[in-house]
Amino acid sequence: MRTPRHDLSRRRLLFGGAAVSAGVLLAGCTSNEQSPTEAQTKAAGSGANTEPGKKVTIGFSAPAADHGWIAAITNNAKAQAGAYQDVELKSVEAGADAAAQRAALSTLISQKPDVIVLLPHDGKELNAFGLEAMKAGIPVVNLDRAFPDARAYRCQIKGDNYGMGVAAATYIAEQLKTKGVSNPVIGEIPGIESLELTQERSKGFADTLASYGFKVANRRPAEFTVDSGQQAATGLFQALPKIDAVWNHDDDQGIGVLAAVNQANRKEFIMVGGAGSKKAMEDIAADNTVLKATVTYSPSMASSAISLARLIGQGKGMSDLVELQVPKEIVLASETITKENASDYLKLGF
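Each residue of the sequence shown is one higher than the one before, starting from 1 at the first, in full-length UniProt numbering.
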């Protein structure tokens with residue numbers, strides 16, 4: 001999924017005429033069942049784009065909801081489609097891997113939807129599908145995991161992965177500077193190592209730490225799950241007898257990381273999470289764990305993807321832009337949630 005930490009509370013994007021604050025586009029990662037909040041999914045407000053128009057059939061596919069963030073992607077997409085009278089959503093099963101998703105999507109092409117919204121298992125592996133759909137005259141809105149070929153999508157919306165790393169490193173470095181720590185031991189628990197988004201997050205983290213003269217002492221990848229987070233953290237604690245700070249890329253696996261913290265009784269460091277789950281925000285607000293901040297990565301991008309797909313299907317542009325077409329790419333900024341602002345963002349978690 002991003003740029004240095006920005007205060008974007010006043011920056012606004014309009015989808016289908018509905019104003020959506022960039023600060024509202026927040027993520028959460030712990031519930032597979034909770035419905036999106038009004039803040040996560042914005043129905044159309046007033047304006048020409050919000051009036052019912054040409055009916056648009058949108059095909060949709062995302063990996064199975066075995067992870068809270070992915071569950072929110074699917075829930076938000078369905079809720080947003082339901083907010084429009086002129087949208088019909090056709091979901092297809094993604095299967096267990098990229099090959100299975102590719103097969104399911106082939107059947108979707110034969111149904112000839114007006115637009116396809118897709119969160120691929122892996123952008124590189126599904127790039128050929130994007131090219132096929134676009135060649136067949138079906139615009140593709142690529143979600144989160146980028147296709148390497150710009151010809152494979154009409155529009156791409158994603159979070160700022162590089163910026164997540166920048167935001168996490170900036171918070172950690174500033175906290176350590178305040179404490180007078182000049183040579184800190186910093187750990188990192190990324191997600192799935194093979195994904196480009198993980199590599200971008202780690203690069204943003206490493207680049208920003210380097211600007212402060214710091215570096216990562218030990219890095220233990222997990223797999224965006226509670227169990228893998230606990231395992232990775234346990235390995236990190238065994239490798240580093242003393243730690244000053246840890247960045248855990250994902251709040252789902254962060255539940256496991258905190259379990260490992262308690263099990264090993266390692267509470268000498270500060271931790272930053274990733275995504276902005278409701279559970280993480282509650283822990284940050286309570287200020288009774290090592291978790292002191294989280295950097296956002298918005299599953300509500302799925303809501304926006306549906307709105308953008310609708311506009312593309314109707315041949316419309318975004319209400320507040322002069323251009324007549326939906327932009328080619330939209331990158332959502334990553335924000336930092338701390339004890340000071342957690343109460344403001346808590347209602348946006350899930």
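All C-beta atoms, glycine included, are put in the ideal place defined by N, C-alpha and C.
With DSSP collapsed to three states, give me the class of residue i.
i	result
Val-246	strand
Val-331	strand
Phe-60	strand
Gly-165	helix
Gln-325	coil
Gly-180	coil
Thr-225	coil
Pro-231	In the sequence as displayed, the identity of residue 231 is Gln instead of Pro. DSSP places Gln-231 in helix when its eight states are reduced to three.
Leu-240	coil
residue 359	No information on residue 359 is available, as it lies outside the stretch 1 to 350 that the chain covers here.
Ser-31	The predicted position of Ser-31 is uncertain, since its pLDDT is 42 and thus under 50; a value taken from the coordinates is nonetheless stated next. The answer is coil: DSSP assigns Ser-31 none of H, G, I, E or B.
Gln-111	coil
Asp-344	helix
Gly-349	coil
Tyr-84	coil
Lys-78	helix
Glu-174	helix
So residue i and residue j are supposed to be a Cβ contact under 8 Å. How far apart are they, rounded?
i	j	result
Val-295	Lys-267	Actually they do not touch by this definition, with Cβ atoms about 21 Å apart.
Ile-186	Leu-209	7 Å
Leu-332	Ser-298	5 Å
Ile-284	Ala-275	Not a contact, Cβ separation roughly 13 Å.
Lys-90	Phe-60	7 Å
Leu-195	Met-301	Actually they do not touch by this definition, with Cβ atoms about 16 Å apart.
Among all the DSSP beta bridges, which residues are the ones paired with residue i?
i	result
Glu-188	Arg-219, Trp-247
State the start and end residues of the unbroken alpha helix (DSSP H) segment that holds residue i.
i	result
Gly-315	Neither: Gly-315 is in no alpha helix (DSSP H) and is coded neither H nor E.
Lys-135	127-135
Lys-203	196-211
Ala-65	Premise fails: Ala-65 is in no alpha helix (DSSP H) and is neither H nor E.
Taking the beta strand (DSSP E) that residue i belongs to, which residues open and close that run?
i	result
Asn-142	140-143
Glu-88	87-91
Gly-159	155-159
Pro-338	Per the sequence presented here, residue 338 reads as Thr, with Pro not at that position. Thr-338 -> beta strand (DSSP E) spans 336-338.
Leu-118	115-118
Enumerate, from N- to C-terminal direction, the unbroken beta strand (DSSP E) stretches of 3 or more residues contained entirely within the region 262-306.
270-275, 291-296
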